[in-house]
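Below: the structure, in structure tokens.
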RNA sequence: CGGGGCGUAGCUCAGUUUGGCUAGAGCGCUGCGUUUGGGACGCAGAGGCCGGAGGUUCAAAUCCUCUCGCCCCGACCA
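In our numbering, the protein residues as written are 13 to 563.
In structure tokens, the structure reads:
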């Protein structure tokens with residue numbers, strides 16, 4: 013793999029061979045799961061993206077250009093629009109459903125910041141599948157099939173994976189799961205209970221409300237709230253330092269704009285608000301941070317001095333995190349520039365109930381939180397696959413409807429399923445390697461076995477190696493012959509570096525006794541095997557390795 | 001887009017602070033010879049618009065301005 017520019021790479025022979033093997037496995041499992049392979053355009057009309065609103069949703073990550081006719085074209089990052097448009101034109105009856113279409117193709121995302129080589133590149137190969145069902149039960153069945161196919165794909169690629177609950181986005185309530193490869197260099201945070209019964213992306217991980225109300229009751233004795241002068245001290249850290257308190261004692265008052273009006277969210281000073289959670293608490297309306305003008309108008313103070321007291325009547329919703337509701341008292345903004353208040357008591361100084369007040373889980377999980385009473389731990393992973401029940405978002409907007417048994421018009425119920433082909437290779441490399449290089453599973457290694465003739469100039473060595481190579485090839489084994497005129501050490505190091513699972517060494521010394529050496533990449537020492545049995549032994553070893561990946 | 005860093009031989013980098021000899025090293029590459037079971041050795045060589053443009057100066061890889069590219073951190077993410 014060689015870099016051309018930031019986030020764009022040329023794959024050379026070895027990398028490409030691995031990618032092809034991964035694609036083949038994916039293809040076989042998709043076909044077996046009843047999906048049909050198609051090929052959709054990489055360049056797509058912008059109008060389609062405007063119809064579904066994703067031009068805005070994708071924002072800057074969407075790559076596009078204007079052609080000579082002045083038309084705008086999207087460089088496809090996914091293909092929901094195109095496939096839904098296709099189905100809208102082709103499907104008119106429930107008898108044509110269910111339908112499951114997939115493609116394995118280059119995608120483009122204009123990433124804010126491509127990083128970690130193939131893990132997050134601008135161009136990448138993705139298998140994307142889209143299913144269309146007539147009923148929710150049908151979608152469930154398709155989803156299950158795809159889920160099972162994904163498990164087989166990652167197992168066959170020799171990867172240890174975990175499945176986590178993921179944020180399901182706009183269509184609340186329907187399922188979404190990510191397949192993650194646990195690994196230090198991963199970009200995603202996985203949250204799971206110690207027994208592994210619950211695992212989720214940090215975006216999604218649900219947190220138990222605190223159990224003890226003891227602290228709350230202690231709050232009854234707190235004196236009335238009091239304003240303090242905090243000139244030019246806006247941030248949490250600055251206020252803590254100024255007032256000699258801790259972030260855990262602070263209440264962050266975050267003002268959000270939604271299509272239904274202004275929403276104020278409260279989280280503890282040491283917690284991070286999770287907008288996706290607010291969104292689902294509010295029933296799916298888009299949520300974003302309010303701009304300065306909105307905040308100043310609402311609070312009458314500059315940004316950084318907002319507080320919940322007296323605001324509940326002025327906003328559409330007041331959303332309070334469980335952890336804030338459980339606080340005895342806290343420090344927050346005074347709704348007055350350069351002032352904060354202390355001794356603010358939840359329930360006394362601002363409401364914890366009422367028609368526009370919601371107490372819920374609206375923050376990211378942190379160390380020490382629990383789920384279902386079990387402690388949550390954190391680890392990193394690489395997202396290699398995502399299965400997602402989409403519902404009717406796209407089929408409604410793009411008019412993919414069919415007539416059901418009663419003759420009624422219904423939108424198709426969709427699911428979508430992605431696999432990052434490059435990421436599978438990248439995670440296999442990250443997951444297993446040593447100081448000598450890669451250790452690749454036989455199913456995705458560029459070659460299964462490498463034959464190394466040590467003394468190329470010796471005719472008998474050369475001919476023994478050649479005939480082994482030819483025999484292995486003839487028997488359908490993926491074999492590489494290193495016939496370079498190089499020193500032995502160079503060949504050994506290279507074979508190790510590129511992760512070839514099995515290595516056969518043909519040397520003058522061994523050949524005198526009719527022996528060659530066979531060594532797995534993971535073996536300490538090589539085994540001597542009679543030349544006549546070598547091909548059979550190699551095939552047995554490969555057979556075992558492949559067997560292990562089917563289990 | 002914000003913050004930081006780096007652009008000198010194919011690669012990794014020194015030299016830049018304090019302007020001054022013919023711009024260097026290791027690895028790689030070419031030729032010849034000796035070697036040959038875990039990245040050999042000797043000898044001889046090739047290889048540079050010091051990222052680009054402009055400026056200061058007797059003199060610029062070195063100082064100034066602008067620009068382009070790359071890396072790292074952050075913000076974003078169906």
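Note that the Cβ used here is the ideal one computed from N, Cα and C, for glycine as well.
Predicted, not measured: the structure shown is a model, and the values here were computed from it.
Taking every protein chain shown into account, the CB of residue 499 has fewer than 16 other CB atoms within 10 angstroms, so this residue is exposed. Between residue 515 and residue 556, the gap from beta carbon to beta carbon reaches 8 angstroms or more. Per DSSP, residue 346 lies in no alpha helix (DSSP H) segment and is marked neither H nor E. Here residue 45 carries a coil assignment [DSSP, helix/strand/coil]. For residue 110, the number of other beta carbons within 10 angstroms of its own is at least 16, and it is reported as buried. In this structure, the beta-carbon distance from residue 459 to residue 490 falls below 8 angstroms. Between residue 456 and residue 33, the C-beta spacing is below 8 angstroms.
Going by C-alpha positions, residue 331 is about 13 angstroms away from residue 269. Short of 6 angstroms from the beta carbon of residue 412, and not among the five residues preceding or following it, lie these beta carbons of its own chain, in chain order: 96, 99, 100, 424. Secondary structure note for residue 273: its beta strand (DSSP E) is the uninterrupted segment 273–280.
One thing to note: residue 47 has its Cβ within 8 angstroms of the Cβ of residue 141. Going by beta carbons, residue 139 and residue 548 fall outside the 8 angstroms limit. Residue pairing by DSSP puts residue 116 in a beta bridge opposite 139. Residue 122 carries a coil assignment under DSSP once its states are collapsed to helix, strand and coil.
Residue 57 is positioned such that its CB atom lies closer than 8 angstroms to that of residue 83.
Per the C-alpha coordinates, the member of 202, 31, 264 positioned closest to residue 174 is 202. The shortest CA-to-CA distance from residue 542 to any of 553, 529, 536, 260 is the one to 529.
Annotation: the continuous alpha helix (DSSP H) that includes residue 148 extends over 148–168. The DSSP assignment places 461–465, 491–493 as complete runs of the beta strand (DSSP E) inside the stretch 453–503, in order along the chain (cut-off: 3 residues). Contact check for residue 133 against residue 355 fails: the beta carbons are separated by 8 angstroms or more.
Relative to residue 343, the option among 295, 286, 250 whose CA is nearest is 250.
The Cβ atoms of residue 195 and residue 440 lie no closer than 8 angstroms to each other.
Annotation: the continuous beta strand (DSSP E) that includes residue 372 extends over 369–372. Residue pairing by DSSP leaves residue 104 without any beta bridge partner.
When beta bridges are read from the DSSP output, residue 21 appears opposite 15.
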